[in-house]
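What follows is a short report on a single structure.
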Amino acid sequence: MFERLLIFYIKIMFCSGYMPPEYAVHGKFSVKSDVFSFGVLALEILSGKKNRDFSDPNHSLNLLGHSWRLWVEQRHLELIDDSLSNASDETEILRCIHIALLCVQQSPEDRPDMLSVVVMLTSDSNLPKPKQPAFYVERNCYNKGFLASNQNTCSENEVTISVVEAR
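Under mature numbering (1 follows the signal peptide of the UniProt record, and there is no 0), the letters of the sequence shown match residues -17 to -1, 1 to 150, in that order.
Shown next as structure tokens:
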């Protein structure tokens, strides 16, 4: 029974890269939940990288945290996949990153609704300043062979995940 429960949990975890924080933590779903998923997907398309599998040798941020760091440091064009570098102008790419970051805000109240996202994408309207995104730092022992190695704990930068087994 425990193995089936663990497999079910892991399958859910694989989707968590798109899951908004209010659903992942509290099980609450709203009209802004899809906006969060859209923002993650947009960042994945722009960067050519998956949120769940993202890694950078310079830090342990996930794709959302990496995107935010580049945005704050005004190095946002470093996020863009090479295949898109010649496809659009810099202003259009910058606007897409900006909108994606608005979509992945921690609080649903800070995220636009999908109608507003469409308006933002199809107009030159002024955009609000994004805040630090949800799941700014994601520690993921699963991608590092944690379950395959039969370890009971995995720690990375003060975050610990433990597997507890019944007697």
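For every residue, glycine included, the Cβ atom is placed at its ideal position computed from N, Cα and C.
- For P91, the secondary structure class from DSSP, reduced to helix, strand or coil, is helix.
- The three-state secondary structure of P3, taken from DSSP, is coil.
- For the pair of segments examined, the region 1 to 12 was found not to touch the region 54 to 65: the number of CB pairs separated by less than 8 angstroms stays below three.
- Between L60 and the set L46, L47 and I76, the nearest pair of CA atoms involves I76.
- A residue is called buried when at least 16 other Cβ atoms come within 10 angstroms of its Cβ; S108 does not meet this threshold and is exposed.
- The C-beta distance from V18 to C86 rounds to 5 angstroms, short enough to fall under 8 angstroms.
- Between H81 and L47, the gap from beta carbon to beta carbon reaches 8 angstroms or more.
- If you ignore the 5 residues before and after W51, its C-beta comes within less than 7 angstroms of the C-beta of L84, Q115, P116 and Y119, all in its own chain and listed in chain order.
- One Cα belongs to Q88, the other to D96, and the distance between them is close to 12 angstroms.
- For S68, the number of other beta carbons within 10 angstroms of its own is below 16, and it is reported as exposed.
- Looking at the DSSP output, P116 shares a beta bridge with Q88.
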